[in-house]
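Protein chains in written order, with UniProt numbering: chain X, 1 to 374; chain U, 1 to 374; chain H, 1 to 374; chain A, 1 to 374. Notes for the one structure printed next.
Number of protein chains: 4
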Amino acid sequence: MPSTFGNALRVTVFGQSHSQAVGCVVEGLPSGHVVDTEALGRFMARRAPGQGPWTTPRKEADLPRIVSGLNPGGATCGAPLAVVIENTNTRSRDYDNLMAVPRPGHADYTAWAKWHGNQDVPGGGHFSGRLTAPLCAAGGIALQILAGHGVRVGAHLLSVADVRDEPLCALDNAPASRARLESQLDALADGRTFPTIDAAAGKAMLAAIDDARRELDSVGGVVECVATGMPAGVGSPMFDGIENLIARAAFGVPAVKGVEFGRGFEAARLRGSEDNDPYRMVDGAVTPVTNNAGGALGGITTGAPVLFRMALKPTSSISRPQESVDLTSGSDATLEVHGRHDPCVATRAVPVAEAICALALLDALLSFPPEPQA
Amino acid sequence: MPSTFGNALRVTVFGQSHSQAVGCVVEGLPSGHVVDTEALGRFMARRAPGQGPWTTPRKEADLPRIVSGLNPGGATCGAPLAVVIENTNTRSRDYDNLMAVPRPGHADYTAWAKWHGNQDVPGGGHFSGRLTAPLCAAGGIALQILAGHGVRVGAHLLSVADVRDEPLCALDNAPASRARLESQLDALADGRTFPTIDAAAGKAMLAAIDDARRELDSVGGVVECVATGMPAGVGSPMFDGIENLIARAAFGVPAVKGVEFGRGFEAARLRGSEDNDPYRMVDGAVTPVTNNAGGALGGITTGAPVLFRMALKPTSSISRPQESVDLTSGSDATLEVHGRHDPCVATRAVPVAEAICALALLDALLSFPPEPQA
Amino acid sequence: MPSTFGNALRVTVFGQSHSQAVGCVVEGLPSGHVVDTEALGRFMARRAPGQGPWTTPRKEADLPRIVSGLNPGGATCGAPLAVVIENTNTRSRDYDNLMAVPRPGHADYTAWAKWHGNQDVPGGGHFSGRLTAPLCAAGGIALQILAGHGVRVGAHLLSVADVRDEPLCALDNAPASRARLESQLDALADGRTFPTIDAAAGKAMLAAIDDARRELDSVGGVVECVATGMPAGVGSPMFDGIENLIARAAFGVPAVKGVEFGRGFEAARLRGSEDNDPYRMVDGAVTPVTNNAGGALGGITTGAPVLFRMALKPTSSISRPQESVDLTSGSDATLEVHGRHDPCVATRAVPVAEAICALALLDALLSFPPEPQA
Amino acid sequence: MPSTFGNALRVTVFGQSHSQAVGCVVEGLPSGHVVDTEALGRFMARRAPGQGPWTTPRKEADLPRIVSGLNPGGATCGAPLAVVIENTNTRSRDYDNLMAVPRPGHADYTAWAKWHGNQDVPGGGHFSGRLTAPLCAAGGIALQILAGHGVRVGAHLLSVADVRDEPLCALDNAPASRARLESQLDALADGRTFPTIDAAAGKAMLAAIDDARRELDSVGGVVECVATGMPAGVGSPMFDGIENLIARAAFGVPAVKGVEFGRGFEAARLRGSEDNDPYRMVDGAVTPVTNNAGGALGGITTGAPVLFRMALKPTSSISRPQESVDLTSGSDATLEVHGRHDPCVATRAVPVAEAICALALLDALLSFPPEPQA
């Protein structure tokens, strides 16, 4: 189903940019987890609009209301958990001219081709980045449950335009590297304003974003995400492996055009002797010495950090005039987009990457754990 | 389910490298399609082992037997179509030492961590590249049905190690470019030995592969695949869009570590004004002037060619000694892999990319077509 | 997934008896249907509590709020349609003693055995009959869409205790019988207070229910449901046939213990020559002369009315003292149930049967329609 | 998907009556189970044709070949297990006249309405009772795995026409009754020719079947099935409960027209005080004193035996002339069915009921077990 993903853990997302509400239903959460609503609010605030010059001025409380799935003690109770987030600040009028003239790079035209005018146009409807809010609500709860299993998830902006952050220290699985990675994750979780490891890189990214904004344009970026603490043996072969689950969810995030694991595309240039991760016994456990695989082989975790990157194209809604067509008259047209848009959607996609990573990994843990030993 | 994918069209793959047979069941094929078994055989021969110096010496007839799903006239009849391919040439003895010492980069260890010794070890079991044979059988039939809808799928080796082929002419959607793309597809379908557009690049790739083989090593590569003729409006938002369907299937192909669409990771460096594909009316139809999106926006086709690339890491089974562990004794060990292995799995992944593309697109056409107009 | 059913049309139900809200998400609705909210309200009122002496005194507005899935014109837009129904009148205190002492016949004990105390106890949690409200919201919309396809669904109380209503005239497919069936459906849709065809039977049922209530007891009943206007060729063999889809949904209605189609259990006593429905050409169309099959053969519609019955056990929550156990102390205990309960859940299950029938048939029409002819 | 069912355990059935082979793929079997192929053969022999005067003379070896899913030691290995059963004895000629004139009561006409002539007609194609052979292969393996968990499944013919066997002693959960039930199951498993508890009833049923056969007619019957040893807390609310899973599978068995659990339809005539199963502590465990519920409440097991009945209509293929139509000419026609058919399909449905019960319960145990206690 288009707006649903997962196996034993299943998330269904609903809502449009300007519908009464957006939200999600999460089935299959383990029972007994007391949701930390404050931590959830903090997590969701990281993707909320209106935080700085690099995001859209649309301000929303984005308060997720958990309307079902908890028992009187506030713990998950085995029933589907539903989250409703009201849409309080919508300005549909801004989108009036989009009814007929589709924005290049957006789903306006493809939605029209599919639904022949029945689609909900304002704000991009169900295709809006707004739909990542319920994804983050679901993912934020998954993050809390994973933390109880010793799994930690963190992401940062690896690049914006041509500016590049220091990478997460996750391709090398040596003890010292693991410590470095943990300190990177601590710093990212620390709440600093802009999600980079290297503050100077962050500053340069902000400048690049501001340049684009001032030129009525937008820029793309790459988000890198890691999960530590996943035990070996989780996942499955072929079509429901760790990579399949994460990739399917990641391509559900608006603007994502590429997903790679471990060395990713770079591995295509390597020799096997360079790319293979040797094993050693470390503290009595089988341990990959390096992590070029990104934490999974054959769809199943190796015990090393799960590492992936997702590429986001530049925001398609830009204010400069663009060539388009008028769907009503069937003639060429020029489009000027009004409304409020992030000049770089990658910035707000950082917590979204954590959310979908958490959902995919919790699903893997619940659906495809290591089998019980006889 | 791990070994199943698709919605209205569903493929379930079974078999292990050294089981009695491998095969697949395909549910949801439209009825009335007379399977061209000769064309199917030719398609499957493209991925069969033993074709040249760059592939494994294991020779298999790979004759797919369609044991159900056809009516007496040889046409699909609405019932599940099952394909059985016998495993006739297996040498399990080669794998005896792998029972205890997992190959770096392969799923040997992760399967052990999941199934505690119950997994089928010889030849990599269900994780073997052998399982791409039934995928190609299913995909080969999907290709025939798509051809009946005017959809054509073709792939080539874009790169091996640092050698790069000319790209498919699919990022530019101008009429001249479309013609150039068709001629590229014609040449690829022509049956030339090595699947590149530029013969010189192919020769250089073969040299690179041979270098690796002689050094008891392996190399990675990138496969690029395109589908032309998909109408606009096919697919769906969020988690079952064109990209999600293709990516989920692509990561089911052994050794794939990255998937990107259109400009892919490069889009992350662009401005919106560069990456957005403008629309123009061409011959009365809304037409994206360029195709940086790779044929899909919001998970739904634009009418431009669907274009993706998948990165394959180097073959993990290499003959040089590697550091590993002995799972029985729990101590460090050195591994020397015997058996027959391709030094570059990317070469045989070319028809596999076509197969999974065809399956994903036919599923999209059947599951998420444009809605009928009122 | 436990709380989800359907294929191309998928319904996910959320909520507990005493959670903030109950609701559902419906994916896959055809776009362009303007929801008639007034008609939806009337339909839902038929299952609402507090209507007469035979139902629970709990009164709820049961106003379904459609928070997503509609475009500005009030028509379905292709995005998931979400319904939220607030729980405004809950008296959790009534259930305090049920925390430890499970009600015989209810899911209290089995939920405890599954979730070890994390389950939401008040009002039966996710197992409450309250969850049929969102099912009716989804089903009410499906009924409207089916009506646009010429499909009509109606149900009545066939029996309560030993009192029996006149059956729907749907086992005989003769033109006169069809007319009689239509007039039965007209009468049932007419809004008469109690859903029987024969008013005298209704009166006797009410008396039987009142008897039970006065004796602090409850009674069971059978609901019979029919759908006319389904074209032949809809559905599929084996596990997603018309019967499978309806049965899976029907057993999701609390208290249902049996489901049968056409002659149902009676067919087990017949000869083939009695049970087979002969075909004749009627007005140029292949037509089953009788309808012992209940409108489906091999899981696929015959064109005759789809007919099923579902048996509901007596309400398990009764006020007389019952033998139970104290789960805390692990000792025998006597239970006296307080709270408000229908003495006969079958009465309110009549519109619920229509709802699940509509959802199952609309799913069948969207997922498994007759194939397009070449 | 039509020919697939299950969640964590998933069965896909393929084949037609006269295709090269029938078979199935089973995904999600626990690893490490050594398949007892002799026991599997004995189980499958119980449904094989040609056993006595009450079955079709078509004789088939029905030898299931397990072509994948086992490791070299013959144990399940985590990969999909595929079973292929060759169709060796097919006489398609018998069905020539059915191409145009559909058998009343069979799926001939509905398949034509769906696939417009592309369907595989001979022997009923994918709708044939032949497809229960792979179901029994899958179910026979599930039975072996369940036995390892202390779960035992058995079924008998409760009735044929108006002849009734003694019921299974499963509605009363007292210790003495449990012992009686076990002895009934022992006797049924003992291999006696005809699957009744009361030999005299079996004799009378055989006579009734022979009467029908001699009169070129057929009779229906009811199969009753029980599973003992299921722990409490297995299953889930709403649409994937024990009843939903079993019912969905049961309606996949050709000729099934009704399914009921515990008291079933009889419960609709009872009072709550009669139908509710009281709890008592027995040997330190919460125990339902009676089992009117049939072992499940709210879709979750109670710990009492799971008990269901399924009604099978009389075999539709009878030799007496019947009224039908000629689909080619669109005119009324008279049909005389040739070919070999059981006069009572219910007899061979006894092991099939066990098979689908085992598959549904193993799926429930794997998909929806009691949650691990904190």
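Cβ coordinates follow ideal geometry from the N, Cα and C atoms, glycine included.
Cβ of residue i within 8 Å of any chain H Cβ
i: Asn-71/X; result: yes
i: Pro-369/X; result: no
Short Cβ contact (8 Å threshold) for residue i with residue j
i: Asp-172/U; j: Asp-198/U; result: no
i: Phe-261/A; j: Leu-188/A; result: no
i: Trp-155/H; j: Glu-224/H; result: Looking at the sequence shown, residue 155/H is not Trp but Ala. Yes, the pair counts as a contact, with Cβ atoms nearer than the cut-off.
i: residue 377/H; j: Ala-232/A; result: Missing from the structure shown is residue 377/H; chain H here goes from 1 to 374 and no further.
i: Phe-368/A; j: Gly-298/H; result: no
i: Thr-196/H; j: Leu-157/H; result: yes
i: Lys-313/A; j: Ala-349/H; result: no
i: Arg-46/X; j: Pro-351/X; result: yes
i: Ala-212/A; j: Arg-271/H; result: yes
Residue-chain proximity (residue i, chain X), Cβ-Cβ < 8 Å
i: Thr-228/U; result: no
i: Ser-31/A; result: yes
i: Asp-240/H; result: no
i: Met-205/U; result: no
i: residue 383/U; result: Absent from the structure is residue 383/U, since the part of chain U shown begins at 1 and ends at 374.
i: Ile-318/U; result: yes
i: Met-1/U; result: yes
Same chain only: Cβ atoms within 8 Å of residue i, ignoring 5 sequence neighbours per side
i: Gln-144/A; result: His-33, Val-35, Asp-36, Ala-39, Leu-40
6 Å Cβ shell around residue i - same chain, five flanking residues per side excluded
i: Phe-14/H; result: Gly-23
i: Gln-322/X; result: Pro-104, Leu-335
i: Leu-361/U; result: Ala-227
i: Val-101/U; result: Ser-324, Asp-326, Ala-333, Leu-335
i: Val-26/H; result: Val-11, Leu-81, Ala-138
Below-8 Å beta-carbon distance, residue i vs any chain A residue
i: Ala-21/U; result: yes
i: residue 379/H; result: With chain H covering only 1 through 374, there is no way to say anything about residue 379/H.
i: Pro-305/H; result: no
i: Gly-28/U; result: yes
Beta-bridge partners of residue i, as assigned by DSSP
i: Ala-296/A; result: Thr-301/A
i: Tyr-279/X; result: Pro-288/X
i: Cys-225/X; result: Ala-155/X, Phe-308/X
i: Arg-103/U; result: For Arg-103/U, which the question treats as bridged, DSSP gives no partner whatsoever.
i: Val-337/A; result: DSSP output for Val-337/A lists no bridge partner at all.
i: Ala-268/U; result: In DSSP, Ala-268/U forms no bridge with anything.
i: Arg-10/X; result: Glu-27/X
i: Ala-75/H; result: Val-34/H
i: Glu-260/X; result: Arg-309/X, Gly-258/U
i: Phe-5/H; result: Val-11/H
Beta carbon proximity, residue i to chain U, threshold 8 Å
i: His-338/A; result: no
i: Ala-374/H; result: yes
Same chain, Cβ closer than 7 Å to residue i, five either side skipped, listed in chain order
i: Leu-216/A; result: Ile-318, Ser-319, Arg-320
i: Ala-208/X; result: Val-160, Ala-161, Val-163, Val-219
Any chain D beta carbon closer than 8 Å to residue i
i: Phe-265/A; result: No chain D appears in the structure shown, which is made up of the protein chains X, U, H and A.
Practice item. Note down, in chain order, all residues in the stretch 274-292 of chain H with a beta-carbon under 7 Å from any beta-carbon belonging to chain X. Key: none
Point to revise | Cβ-based contacts, 7 Å cut-off: residues of the stretch 5-17 of chain H near chain X | key: Arg-10, Thr-12, Phe-14, Gly-15, Gln-16
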